[in-house]
Structure formats: structure tokens, C-alpha cells
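Visitor: Residue numbers for the sequence shown follow UniProt numbering, so the first one is 1 and each next one is one higher. C-beta: ideal position from N, C-alpha, C; glycine also. Here it is, the structure in full.
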Amino acid sequence: MEYRTPPNNELVSGEIALDLGMLRTTFERSSDVVFREFQLGDTQAAVMIFLDGMVDPLIVDSDIMQPLLKYGEQMQQKSGVSLTGLESLLKNQVITASQVNTGGQIQDVIDHILVGDTVLLIDGVNKALFISARGWGKRAVEEPATEAVIRGPREGFTEDLLTNITLIRRRLRTPQLKIEGMQLGRLSKTDVAITYLEGIADEAVIEEVRKRMNRIDIDAILESGYVEELIEDSPFSIFPQINYTERPDRIVGNLLEGKVGILIDNTPFALILPVTFFEMMQASEDYYQRYIVSTLIRLLRYMFLVIALLLPSLYIALLTFHQEMLPTSLLLSAAASREAVPFPAIVEALLMEISFEALREAGVRLPRPVGQAVSIVGALVIGEAAVSAGIVSAPMVIIVSITGIASFIVPSYSQAITIRLLRFPMMIMAGTLGLYGVLLGVLFILIHMSRLRSFGVPYLSPLAPLHASDLKDVLIRVPWWGMVRRSTETAKNNPRRMKGTLRPRPPKRGG
């Protein structure tokens with residue numbers, strides 16, 4: 001039977017039997033909907049409606065039910081209940097819950113029940129009271145599993161939107177922090193919050209975010225990935241144009257740079273936009289360690305990024321087309337190891353890379369203790385057996401292992417997946433055209449990245465277009481006292497982060 005919602009203009013009639021019959025029909029075959037009927041005084045019928053499991057029973061009992069029954073006893077002694085302004089009296093003087101609102105439409109009653117509020121209907125009163133008594137099981141605030149750090153806060157977002165907003169409020173105690181709420185999903189009615197710092201974030205970007213979010217018309221939003229795909233600039237690009245995180249400190253750091261955050265109920269992953277390629281290569285811990293250490297680690301990341309993308313391709317190209325570029329001893333060693341291998345280098349590399357990716361995916365999907373054993377033992381056993389059987393050469397196993405390790409160094413998981421996928425067309429280009437194919441592949445990737453935008457911000461900013469003042473936080477990280485200004489692209493309204501110079505000065509030596 002097709003479900004039909006009440007008309008949008010259907011009003012609460014004040015006849016409790018009629019209204020209650022309509023609500024019972026709407027929620028029929030829903031065993032978790034509770035209809036608690038009672039009397040105010042001797043003759044005044046009333047009913048409380050709520051979802052079992054989504055309300056706090058202590059609040060319902062102590063802040064709603066007990067005050068109402070006590071008020072009914074008092075009015076009974078005064079010979080009846082007066083209906084004139086009764087809902088206002090109950091709201092302002094009787095019910096002790098923190099939030100109480102009124103509404104006159106049946107659809108409002110249904111919506112408030114479904115979000116976990118308690119609805120009070122009274123016979124003869126054509127207004128419903130919406131009482132906030134929400135309470136359900138929540139996951140405790142824990143350290144994020146996907147973004148662990150050695151030094152830094154251990155708090156991570158949870159699946160509860162209000163908890164996540166609180167984690168941000170604790171770090172930004174300013175009225176400039178704005179949080180705009182909305183609901184997405186015709187059936188799920190998922191709560192979403194757009195957060196930014198007024199006076200720092202670009203108003204044009206904020207307005208563009210609002211426009212794209214309001215354009216979403218879908219039956220349900222179950223995770224932030226839904227929203228990411230529906231609002232990104234280039235949906236057919238393999239590169240992620242919106243970053244995500246489950247660390248409050250990271251999203252606060254981005255808000256201070258003029259970015260916009262999107263928090264979505266029922267998921268611990270918040271979206272950050274706009275974003276650039278170089279920001280995907282930065283970790284929150286870069287700003288907690290000393291700048292020298294952070295700079296060296298960043299350079300290491302970029303070096304291994306190139307290795308993760310190009311090492312198998314370069315190995316294939318050199319062995320297949322450009323043997324003269326290898327030292328003689330290395331060439332002889334590689335030729336000897338491949339003497340019994342029946343496949344060309346491109347087929348050998350593809351077999352090993354696909355097997356390695358399958359083992360890595362299996363390790364992620366299996367239960368954690370079993371997954372670690374499968375990924376590690378499987379790689380060792382299969383690699384050793386493949387070399388012993390003469391299917392692959394020992395140098396290829398080393399190349400694939402180094403490439404796999406290099407891909408783990410990329411901080412952003414979505415960016416790491418992109419590099420892993422681009423590795424395969426790069427190997428095919430190397431197997432067909434040699435180093436020329438590798439060069440063409442790199443040029444194609446760079447041209448594509450230079451055309452990408454993330455909410456109007458160039459993907460390769462601040463290198464393309466060049467903003468020399470922003471290079472202090474790309475390949476290197478200068479000390480905090482040197483980062484006086486924010487990013488040029490995202491904080492045009494308020495580019496200055498600090499006043500004057502905070503560079504430490506050594507004390508003057510006495511005479």
C-alpha cells in the first residue's frame with residue numbers, strides 16, 4: 001500500500017479523537033511509536049506521542065508527565081481546566097523541559113515525532129506542543145581511527161551532529177563562528193550544518209555552498225559521501241575536490257583559513273571545501289611538530305608520492321625500451337632474475353600490482369585481527385611462492401612492495417586511492433611507449449589538475465596560479481611566527497592572521 005502524507009495545510013483540529021485517529025493511521029504498523037493517553041483533571045483528555053528509543057524516559061517522566069499530572073490535580077480542585085491560553089500556560093509555567101514549541105499543522109506533528117521530540121495534544125486545544133526530550137545511545141568521543149597522530153588532540157567526531165558541533169565550539173569561542181542548519185533527504189530528513197567564520201570566509205564561496213546544497217533533492221542522505229558527489233565541481237574527475245576529516249582540530253584549522261565545513265548527522269566525517277591538491281598532502285600533525293621536522297616529513301611525502309605513481313612505470317620502461325640507461329651490473333642482474341619469467345615486464349607488473357591491491361582490500365574488509373594477518377602473511381607467502389615458481393622476478397616483488405608502502409604515506413585516503421588507480425594507466429603507457437609514454441601521462445595528469453576547480457579555487461593553487469606569499473605552507477612549512485597571512489585564495493576578506501611579528505628574540509647578553 002502506498003504511503004500518503006497528510007496535506008500540508010491539514011491543521012490540528014482540537015478534537016483529540018480525530019487528530020489521534022489520523023496519527024494512528026499514519027504510524028500504523030510502527031511498533032516503536034508510543035501513544036500515552038492520560039487525563040488533565042477528571043475530564044480533559046490528552047495524549048503524549050513519541051518514538052520509543054529516541055527519547056530520554058527520565059526527561060519524559062520528570063519534566064513532562066509529572067508536572068502535567070500535578071497541574072491537572074490543582075485545576076481539578078479549582079473545578080476544571082480552562083482551555084483559554086492553555087498551551088501557553090503549559091509551555092511557560094508547567095512543563096520544565098528546556099525547549100518547548102507550539103505548532104498547528106499535522107505535518108509538523110509528524111516531523112517532530114520522527115526527529116525524537118515528544119508531542120502533546122490536548123482535547124479542545126488546536127495547537128500541539130513540541131517538547132524536546134531527545135535521548136538515544138551515542139558513541140563516545142574517541143581518537144579517530146583513520147587519522148591517528150603522535151602529537152595532537154585525541155578527540156574525533158562521532159555520528160551525533162550536536163556532539164560534533166560542540167567539539168568545534170569548544171575550540172572556537174567566538175560569535176564569528178556561524179552554523180547554518182538545514183535538512184536534506186525527502187525520507188531521511190538528515191540534519192546538515194554549514195559552518196564557517198564570518199569575516200574570514202569568502203561570502204561568495206558561502207553563497208555557492210548554500211546554492212548547491214539547496215539544489216539537492218534526493219530521498220535520503222546516509223553519509224557525507226552522498227553530499228560530496230552531489231556538490232563537487234567536476235564529478236567525472238578522478239581527483240577528489242572536497243576533503244573530509246573526522247578530526248575537530250583539523251576542521252577548525254581550515255575554518256581559520258577561510259574554508260567552509262559541512263557537518264552531517266549520522267556520520268563522523270565532515271567535509272572541508274574548497275580544497276587544493278597540496279592541502280591533501282598535509283596532515284594535522286604538521287602544525288604540532290617543530291617546523292624543521294614538519295618540512296622534512298613533507299618533502300619525504302612528496303618524494304614517495306612520485307614513487308607511488310611512477311616507480312613501476314619507470315621500471316617497465318627501462319627494462320622494455322631503455323636498457324642502455326641502466327648500469328651494466330644492474331642490467332645483468334635484472335636479466336638474470338627474469339630469465340625464467342615467461343611474461344613481459346608489463347604483464348608481470350600488472351599481475352603483481354593487482355594481487356597487491358586485492359590483498360590490501362581484503363585486509364580492510366576482513367575483521368581487524370584477521371585482516372592484518374591476511375594482508376601481511378598473504379603478501380609474504382604469495383610473493384615468495386611467485387618468485388620460486390618463476391612467475392615473477394624478485395626485483396618486481398621489491399618494486400611493488402616499495403610502491404605499496406609509498407602509497408600509505410599520503411595523508412588523505414581519497415588522494416591515495418587516486419594515486420593507486422593512476423598507477424595502472426601509467427604502467428600501460430610505459431609498456432607501450434616507454435619513457436615517452438610516462439612523460440605524456442604525467443603531462444596529461446598535470447594539465448587535467450590545472451583545469452580543476454574546487455568551488456572556484458584552482459586545484460594547483462598556489463603554484464598555478466602562482467601566489468608566492470602562500471608558498472610558505474606548501475612543500476615546506478615555515479615557523480608559525482612566519483605565517484602572518486592566511487591563504488590568498490580563501491581568506492580575501494581578512495588575510496592577516498596575527499599582528500606584528502611574533503618571532504622569538506634571544507635575550508640580550510649583559511655587559
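(1) For H112, count the other beta carbons within 10 Å of its own beta carbon; 16 or more makes it buried, fewer makes it exposed. Which is it?
(2) Using a Cβ-Cβ distance under 8 Å, would V260 count as near chain D?
(3) First and last residue of the alpha helix (DSSP H) that includes residue 532?
(4) Do three or more CB pairs link the segment 211-229 to the segment 103-122 at distances below 8 Å?
(5) Measure how close the beta-carbons of E232 and I242 come, nearest whole angstrom, since I'm counting them as under 8 Å.
(6) Would V109 and A97 qualify as a contact pair, given that the criterion is a beta-carbon distance under 8 Å?
(7) Rounded to whole angstroms, what's the CA-CA distance from A145 to M65? Just pull it up for me.
(8) Leaving out five residues on either side along the sequence, give the residues of the same chain with a beta carbon under 6 Å from the beta carbon of T488.
(9) Excluding sequence positions up to five away, which residues of its chain have a Cβ less than 8 Å from the Cβ of K138?
(10) What are the start and end residues of each continuous beta strand (DSSP E) run of 3 or more residues lying completely inside the segment 36-123, in chain order?
(11) Starting from D32, trace the alpha helix (DSSP H) both ways and give me its first and last residue.
(12) Can you check which of these residues, L69, I238, P153, D123, is closest to P425 by C-alpha distance?
(13) With a threshold of 8 Å on Cβ separation, who are the neighbours of residue 550 within its own chain once the five nearest residues in sequence on each side are excluded?
(14) Would you call V252 buried or exposed, if buried means 16 or more other Cβ atoms sit within 10 Å of its Cβ?
(15) The alpha helix (DSSP H) with E208 in it runs from where to where?
(16) Could you compute how far the alpha carbon of I419 sits from the alpha carbon of Y436?
(17) Per the DSSP calculation, A243 is bridged to which residue(s)?
(18) For L300, I'd like the list of residues in its chain whose CB is within less than 8 Å of its CB, leaving aside the five on either flank, ordered along the chain.
(19) Exposed or buried, S30, counting other C-beta atoms within 10 Å across all chains shown (16 or more means buried)?
(20) Roughly how many angstroms lie between the CA atoms of I445 and L309, to the nearest whole one?
(21) Checking 8 Å against the spacing of the C-beta atoms, do I346 and G431 come in under that value?
(22) Give the straight-line distance between the Cα atoms of T501 and E147, rounded to the nearest whole angstrom.
(23) Would you list, in sequence order, the uninterrupted alpha helix (DSSP H) runs of no fewer than 4 residues that lie entirely inside the segment 141-193?
(24) How would you label A204, buried or exposed, when you count the other beta carbons within 10 angstroms and need 16 or more for buried?
(25) Confirm, please, whether the CB-CB distance from L263 to I200 is below 8 Å.
(26) Taking C-alpha atoms, which residue in V141, Y287, K499, S224 lies nearest to G185?
(27) Grab the span of the beta strand (DSSP E) containing V260 for me, first residue to last.
(28) With the cut-off set at 8 Å, would you say P274 and S454 are in Cβ contact?
(29) Is it true that the segment 326-341 meets the segment 392-405, where meeting means three or more beta-carbon pairs spaced less than 8 Å apart?
(30) Rounded to whole angstroms, what's the CA-CA distance from L177 to F304? Just pull it up for me.
(31) Which one of R485, W480, T490 has the shortest CA to CA distance from S461?
(32) What are the start and end residues of each continuous alpha helix (DSSP H) run of 4 or more residues lying completely inside the segment 337-373, in chain order?
Guide: Result, derived from the coordinates:
(1) Answer is buried; the Cβ neighbour count reaches 16.
(2) Among the chains of the structure shown, chain D does not appear; only one protein chain is present.
(3) As shown, the chain starts at 1 and ends at 511. That puts residue 532 outside it, with no answer to give.
(4) Touching, no.
(5) Yes, they are in contact, since the Cβ atoms of E232 and I242 sit about 6 Å apart, within 8 Å.
(6) Going by beta carbons, V109 and A97 fall outside the 8 Å limit.
(7) Note on geometry: alpha-carbon atoms of A145 and M65 lie some 42 Å from one another.
(8) Non-local beta-carbon contacts of T488 in its own chain, meaning distances under 6 Å to residues more than five positions away in sequence, involve H467, D470 in chain order.
(9) For K138, where only same-chain residues beyond five positions count, the Cβ hits under 8 Å are T158, E159, D160, T163.
(10) As far as the segment 36-123 is concerned, its whole beta strand (DSSP E) runs of at least 3 residues are 44-51, 100-103, 118-122.
(11) Where D32 is concerned, there is no enclosing alpha helix (DSSP H), given that its DSSP letter is neither H nor E.
(12) Measuring from the Cα of P425, the nearest candidate turns out to be I238.
(13) Absent from the structure is residue 550, since the part of the chain shown begins at 1 and ends at 511.
(14) Buried, because 16 or more other Cβ atoms sit within 10 Å of the Cβ of V252.
(15) Where E208 is concerned, the enclosing alpha helix (DSSP H) stretches over 203-214.
(16) Each residue's Cα considered, the two are about 20 Å apart.
(17) Position check: residue 243 holds Asn in this sequence, whereas Ala was assumed. Looking at the DSSP assignment, N243 forms a beta bridge with I272.
(18) Spatial neighbours of L300 in its own chain (CB-CB distance under 8 Å, excluding positions within 5 residues in sequence) are listed in chain order as I409.
(19) Taking every protein chain shown into account, the CB of S30 has fewer than 16 other CB atoms within 10 angstroms, so this residue is exposed.
(20) For I445 and L309, the distance between alpha carbons rounds to 11 Å.
(21) Result yes, Cβ atoms of I346 and G431 sit closer than 8 Å.
(22) Cα-Cα distance, rounded: 32 Å.
(23) Those alpha helix (DSSP H) runs which fall completely within the segment 141-193 and span 4+ residues are 161-169.
(24) With fewer than 16 other Cβ atoms within 10 Å, it is exposed.
(25) No, they are not a contact pair.
(26) Minimum Cα distance to G185 is reached at S224.
(27) Taken as a continuous stretch (DSSP letters only), the beta strand (DSSP E) holding V260 covers 260-264.
(28) The beta carbons of P274 and S454 sit closer together than 8 Å.
(29) Contact check between the segment 326-341 and the segment 392-405: three or more CB pairs, one atom from each, fall below 8 Å, which counts as touching.
(30) Taking the CA atoms as reference points, L177 sits about 38 Å from F304.
(31) Per the C-alpha coordinates, the member of R485, W480, T490 positioned closest to S461 is T490.
(32) Counting only unbroken stretches of 4 or more residues, the alpha helix (DSSP H) elements lying wholly within the segment 337-373 are 345-365, in sequence order.
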